[in-house]
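A.B. asks: Take 1 as the starting number for the sequence shown in the UniProt record's numbering and just add one per residue.
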Amino acid sequence: MTWTVKGARKASPRLYSANGAPPPRRIVTVDDTAGVAAVHRLIGEGNAVLWRGDYPGARSLLAALGRRVERRGPAVGRTPAEMFRLHREEQSRRARLLGRLLIPYESDWRIPLRRAPWVQEACTQAYGPCAGPGVGSLRELLGVIGAYEWRKKGVEVPALGGGRIHPHYGVFSPVRGEYVDLVAETTLPLGDRAFDIGTGTGVLSVVLARRGLRRIIATDHEARAVACARDNASRLGLADTIDVRHADLFPEGRAHLIVCNPPWLPGHPRTLLDQAVYDQDSRTLKRFLTGLPGHLEPGGEGWLILSDLPERLGLRERTELADTITAAGLRVLSRKATEPRHRRAKDPSDPLHRFRAAEVTSLWRLGVA
Numbered sequence: 001m002t003w004t005v006k007g008a009r010k011a012s013p014r015l016y017s018a019n020g021a022p023p024p025r026r027i028v029t030v031d032d033t034a035g036v037a038a039v040h041r042l043i044g045e046g047n048a049v050l051w052r053g054d055y056p057g058a059r060s061l062l063a064a065l066g067r068r069v070e071r072r073g074p075a076v077g078r079t080p081a082e083m084f085r086l087h088r089e090e091q092s093r094r095a096r097l098l099g100r101l102l103i104p105y106e107s108d109w110r111i112p113l114r115r116a117p118w119v120q121e122a123c124t125q126a127y128g129p130c131a132g133p134g135v136g137s138l139r140e141l142l143g144v145i146g147a148y149e150w151r152k153k154g155v156e157v158p159a160l161g162g163g164r165i166h167p168h169y170g171v172f173s174p175v176r177g178e179y180v181d182l183v184a185e186t187t188l189p190l191g192d193r194a195f196d197i198g199t200g201t202g203v204l205s206v207v208l209a210r211r212g213l214r215r216i217i218a219t220d221h222e223a224r225a226v227a228c229a230r231d232n233a234s235r236l237g238l239a240d241t242i243d244v245r246h247a248d249l250f251p252e253g254r255a256h257l258i259v260c261n262p263p264w265l266p267g268h269p270r271t272l273l274d275q276a277v278y279d280q281d282s283r284t285l286k287r288f289l290t291g292l293p294g295h296l297e298p299g300g301e302g303w304l305i306l307s308d309l310p311e312r313l314g315l316r317e318r319t320e321l322a323d324t325i326t327a328a329g330l331r332v333l334s335r336k337a338t339e340p341r342h343r344r345a346k347d348p349s350d351p352l353h354r355f356r357a358a359e360v361t362s363l364w365r366l367g368v369a
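1. Quick one: what's got a C-beta closer than 7 Å to R41's C-beta in the same chain, skipping five residues either side?
2. Provide the residue span of the alpha helix (DSSP H) that contains Y127, from first to last.
3. Let's see if you can read the secondary structure: which residues bound the beta strand (DSSP E) around D196?
4. Nearest-angstrom Cα distance between L306 and G134?
5. Thinking C-alpha only, which one of T324, A357, R230 is nearest D196?
6. Once DSSP output is grouped into helix, strand and coil, what is the label at C228?
7. Out of R331, S349, L330, A358, state which residue places its alpha-carbon closest to the alpha-carbon of E339.
8. Could you check the C-alpha separation between D31 and V39 for me, to the nearest Å?
9. If G132 and R14 are in contact, beta carbons under 8 Å, what's the gap, nearest whole angstrom?
10. Do you know how far the Cα of L182 is from the Cα of M1?
11. In terms of alpha-carbon separation, which member of P129, A369, T124, E106 lies closest to L333?
12. For a quick check, are the C-beta atoms of I258 and I216 less than 8 Å apart?
13. Grab me the residues of D240's own chain with a C-beta within less than 6 Å of its C-beta, minus the 5 sequence neighbours each way, in chain order.
14. By DSSP's criteria, C260 is part of a beta bridge. Which residues make up the other side?
15. Do you know whose CA, among R341, L315, T186, G200, lies nearest Q280's CA?
16. Output the boundary residues of the beta strand (DSSP E) element that contains W109.
17. Which stretch, first to last residue, makes up the beta strand (DSSP E) that contains R335?
18. In angstroms, rounded to a whole number, what distance separates the CA positions of V360 and R312?
19. Going straight from the alpha carbon of N19 to that of P269, what length do you get?
20. Return yes when the Cβ of L366 is within less than 8 Å of the Cβ of E301, no when it is not.
21. Which word fits W118, buried or exposed, when buried means at least 16 other C-beta atoms lie within 10 angstroms of its C-beta?
22. Using the C-alpha atoms, what's the distance from P23 back to A8?
23. In this structure, how does DSSP classify A255 when only helix, strand and coil are distinguished?
24. In this structure, what does DSSP give as the bridge partners for T29?
25. Per the DSSP calculation, L366 is bridged to which residue(s)?
26. Does H268 come out as helix, strand or coil in the three-state DSSP assignment?
27. With a threshold of 7 Å on Cβ separation, who are the neighbours of Y127 within its own chain once the five nearest residues in sequence on each side are excluded?
28. Are the CB atoms of A218 and S205 nearer to each other than 8 Å?
29. Compute the Euclidean distance between the alpha carbons of W303 and R254, then round it to the nearest angstrom.
30. What are the residues that DSSP puts in a beta bridge with P104?
31. Any idea if H295 is buried or exposed, counting beta-carbon neighbours within 10 angstroms, 16 or more meaning buried?
32. Evaluate F355 with the Cβ neighbour count: other Cβ atoms within 10 Å of its Cβ, from every protein chain shown; 16 or more gives buried, anything less gives exposed.
33. Alpha carbon to alpha carbon, how far is C260 from L138? Give it in angstroms, no decimals.
34. Measuring straight from C-alpha to C-alpha, what distance separates H168 and R245?
35. Contact check, V207 vs A184 under 8 Å by CB: the rounded distance?
36. Roughly how many angstroms separate the alpha carbons of P351 and R85, rounded to a whole number?
What follows is the structure in structure tokens.
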């Protein structure tokens, strides 16, 4: 990585990225004398641009670049699956280009630009202690600041009677309330021990605890999610009821109820938040179903919360879920479905709107065959 200042090369700066973005081959410094067209050309050529003007100027430049980065229109594919692939590639292209606008950090996460905000706490939550001066994407920083504010005020969850869940950076927020409501409304099996697999923020564990389950083990393979779920359990006075553990799917032992809301879309995750959405080759889904019978108490139930959007997009065969359930030695006890309430389902400008609007989210009650 080469850092160029007025034509002179300098030592490579440290690049901070929570999503593991690859370092740019070359960084060019600019200030408010640079026009949007010139900066757009630089990032289009594969350069990163390090901003040296004031912070509001960087925000304005990013907004202008967002308008200028070519929107190629709705994805036109011969099949829904191809439409989805092209749409995702376009999103990735825009994110990659706009992520090339960088800002500097001092060794205490201070931004040495005029009128820059205080971001030390937000950056520490997202990246950990600062390892020294460096640079980072302004676009990613805005996400870090937004996540910091969400963590401070929390997300109100109606199923908790107005209670709030505080998502940490990189942990998927429970903004899609329909799946939480399904867990809150489905009749519980007998027994008081439950597992919450892939807990994320811990919201489903909290719902189950509020419904009277006394022993809940929540697992996640992501350290950020484990810390987040523990934080939420503690905030809500449920730390003695919800035992959050770092684990790859199941903990040891058996439970009367095992709940899992796996990533819904088959695909490769590219960012931290993608890990809650994309499941390569549906591996997590298949591993959960295959391992479920060996962890259920006699008469116990597994609750699988899943969207049918992959089937509507042609990313998964219609019969695949049923076939996997049967092959795992399970049977369907019942299915409760709900329609989406998230904003994308109501946004006609979304290239995939007609598929999202028809989406159905279901809670499958599963038992051992």
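Backbone N, C-alpha and C define an ideal beta-carbon position, used for all residues, glycine too.
C.D. replies: Per the coordinate set shown:
1. Contacts found: none.
2. Per DSSP, Y127 belongs to the alpha helix (DSSP H) from 120-127.
3. 193-197 is the span of the beta strand (DSSP E), which, as asked, contains D196.
4. Just so you know, the alpha carbons of L306 and G134 end up roughly 41 Å apart.
5. Selected option, being the one with the closest Cα: R230.
6. Helix at C228.
7. Comparing C-alpha distances from E339 to each of R331, S349, L330, A358 shows the shortest one belongs to A358.
8. Spanning the alpha carbons of D31 and V39 requires a straight line of approximately 10 Å.
9. Right, their Cβ atoms sit about 6 Å apart.
10. Note that M1 has pLDDT 49, beneath the 50 cutoff, so the model's placement of it is unreliable and no number is given.
11. Minimum Cα distance to L333 is reached at A369.
12. No, they are not a contact pair.
13. Counting only Cβ-Cβ distances below 6 Å, and skipping sequence neighbours, we find nothing.
14. For C260, which the question treats as bridged, DSSP gives the partners I197, L304.
15. For the set R341, L315, T186, G200, the Cα lying nearest the Cα of Q280 is the one of L315.
16. Counting along the chain, W109 sits inside no beta strand (DSSP E), nor does DSSP assign it H or E at all.
17. Looking at the DSSP string, the run of the beta strand (DSSP E) that includes R335 is 330-338.
18. Inter-residue distance for V360 and R312 is about 10 Å (C-alpha atoms, whole angstroms).
19. Roughly 10 Å between the two C-alpha positions.
20. In contact: E301 and L366 (Cβ atoms closer than 8 Å).
21. By the beta-carbon neighbour count (other beta carbons within 10 angstroms, threshold 16), W118 is exposed.
22. The predicted position of A8 is uncertain, since its pLDDT is 47 and thus under 50; a value taken from the coordinates is nonetheless stated next. Approximately 19 Å, taken between the alpha carbons.
23. The answer is strand: DSSP assigns A255 an E or B state.
24. For T29, which the question treats as bridged, DSSP gives the partners L50.
25. Note: L366 sits in a beta bridge opposite G302, V332.
26. H268 falls in the coil class under three-state DSSP.
27. Y16, A18.
28. In contact: A218 and S205 (Cβ atoms closer than 8 Å).
29. Cα to Cα, the separation comes out at about 14 Å.
30. In the DSSP secondary-structure assignment, P104 is bridged to V135.
31. Counting the other CB atoms within 10 Å of its CB gives H295 a total of 16 or more, which places it among the buried residues.
32. Buried.
33. L138 and C260: Cα-Cα distance of roughly 35 Å.
34. If I take the Cα positions, the gap works out to 17 Å.
35. Between V207 and A184 the beta-carbon gap is near 5 Å, inside 8 Å, which marks them as a contact.
36. If I take the Cα positions, the gap works out to 12 Å.
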